[in-house]
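Report on one structure; see the data block that follows.
Numbering (this note's numbering), first residue to last: 389 to 690.
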């Protein structure tokens, strides 16, 4: 049975924080210069109908959300490897179609007593959540325009920390592939993955590259991809005002790791933060200043 991971988003004030995470993904905080492609490409892709443009006035360009940012990076990768616009339109239609919430709501309904015991938060918050879930039609109407297959792929990539990729098969089939969860796919898709040529674009890597890029550090405060203390840690790493970083791990097999500035530890630190495998992280500067952060304990429902 697939595990349901209640990450930091289901810690203190869990329901509120999960909502904040979802809303932050749709908040338009990226300007056109922040998305890593030229204005010419943006305008061309918009005219071709492969962007989710919601402009009322075509003479003005709107800002972008994190969802838009990731999708633009996906388009850029597809164009780099020669995928034609018409195929990208098909990918967009598949990814931005409404996600089928019904089987997931049914599963939650069947396990409300168990889940309620393990979720932190006020009784009022939990009652409100479960009342909405019990009235399936109400929640479907509220979220069907927002909760798309692409939205869910990004959300799960952040929360579950499983590698997630967009897979384009030679036959034209499209799938969002969750590494390690092969059993959840139809037999036909699993067989295609083994027997047919395909192109894979990693959504998880796009998110990781965003976290590693110092040009985006000022945007982290407006997103919920990391904890506030983890954001502060990344700001310090990007600033270069440190000498060593020491990580104590939860796994007893690997108790401690020490990194220096010369090792360029940005990618390693993002891996550690995304995996949530650390107990605490201590950063020391040559001036003797020490910054220490402690991890939030994860809760996993079997």
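Beta carbons are placed, not taken as given, at the ideal position from N, Cα and C, and that holds for glycine.
Here the structure is a predicted model, which is why all the values come from computation and not from measurement.
1) Which residues in the same chain as residue 675 place their Cβ atom closer than 6 Å to its Cβ, once the five residues preceding and following it in sequence are excluded?
2) Are residue 577 and residue 563 touching if we call contact CB-CB under 9 Å?
3) Taking C-beta to C-beta, are residue 556 and residue 591 nearer than 9 Å?
4) Can you have a look at residue 550 and say buried or exposed, based on whether 16 or more other CB atoms are within 10 angstroms of its CB?
5) Report, in whole angstroms, the separation of the C-beta atoms of residue 666 and residue 619, which I expect to be a contact under 8 Å.
6) Let me confirm a value: residue 419 is counted as buried when at least 16 other C-beta atoms fall within 10 Å, else exposed. Which label applies?
7) Alpha carbon to alpha carbon, what distance is there between residue 679 and residue 558?
8) In chain order, what residues of the same chain lie with their CB nearer than 6 Å to the CB of residue 608, ignoring the 5 residues before and after it?
9) With a threshold of 8 Å, are at least 3 pairs of Cβ atoms found where one atom belongs to the region 613-631 and the other to the region 419-437?
10) When you compare the region 648-666 with the region 591-601, are there three or more beta-carbon pairs, one atom per stretch, that lie closer than 8 Å?
11) If residue 677 sits next to residue 633, beta carbons under 8 Å apart, how far is it from one beta carbon to the other, in whole angstroms?
12) My guess is that residue 483 and residue 537 are in contact by the Cβ rule of under 8 Å, so how many angstroms apart are they, rounded?
13) Residue 477 lies in the alpha helix (DSSP H); which residues open and close that run?
14) Where DSSP assigns a beta bridge to residue 588, which residues make up the other side?
15) What did DSSP end up calling residue 577 once you bin it into helix, strand or coil?
16) Do residue 460 and residue 423 have their CB atoms nearer than 9 Å?
17) Which two residues bound the contiguous alpha helix (DSSP H) that contains residue 423?
18) So what's residue 666 in DSSP terms, helix, strand or just coil?
19) Figure out for me which residue from 480, 613 and 572 has the closest Cα to the Cα of residue 409.
20) Taking just the CA atoms, how far does residue 585 sit from residue 413?
21) Roughly how many angstroms separate the alpha carbons of residue 439 and residue 638, rounded to a whole number?
22) Considering only the alpha carbon of each residue, which of 421, 645, 601 and 610 lies closest to residue 627?
23) Sorted by chain position, which residues of the same chain lie with C-beta nearer than 7 Å to residue 605's C-beta, five sequence neighbours on each side aside?
24) In the DSSP assignment, find the beta strand (DSSP E) that holds residue 644 and state where it starts and stops.
25) Per DSSP, residue 671 forms a beta bridge with which residues?
26) Can you tell me whether DSSP reads residue 653 as helix, strand or coil?
27) Would residue 552 pass as a contact of residue 566 if the rule is Cβ separation under 9 Å?
28) Which stretch, first to last residue, makes up the alpha helix (DSSP H) that contains residue 458?
29) Name the two residues that bound the continuous beta strand (DSSP E) containing residue 562.
30) When the Cα atoms are used, what is the spatial distance from residue 649 to residue 539?
31) What three-state label does DSSP hand residue 438 in the structure shown?
32) Where does residue 418 fall in DSSP's three states?
33) Hey, quick one: how far does the alpha helix (DSSP H) through residue 538 stretch, first residue to last?
Let me lay it out:
1) none
2) yes
3) no
4) Counting Cβ neighbours within 10 Å, residue 550 comes out exposed, since fewer than 16 surround it.
5) At roughly 15 Å, the Cβ-Cβ gap does not stay under 8 Å, so residue 666 and residue 619 are not in contact.
6) exposed
7) 50 Å
8) 619
9) no
10) yes
11) That pair is no contact at about 13 Å.
12) 5 Å
13) 473-483
14) Paired residue(s): 555.
15) helix
16) yes
17) Taken as a continuous stretch (DSSP letters only), residue 423 belongs to no alpha helix (DSSP H), as it is neither H nor E.
18) In the structure shown, residue 666 sits in a strand (DSSP, three-state: E or B).
19) 613
20) 32 Å
21) 42 Å
22) 601
23) 622, 623 and 626
24) Counting along the chain, the beta strand (DSSP E) containing residue 644 begins and ends at 644-648.
25) 633 and 679
26) coil
27) yes
28) 454-468
29) 562-566
30) Straight-line Cα distance between these residues: approximately 35 Å.
31) coil
32) strand
33) 537-547
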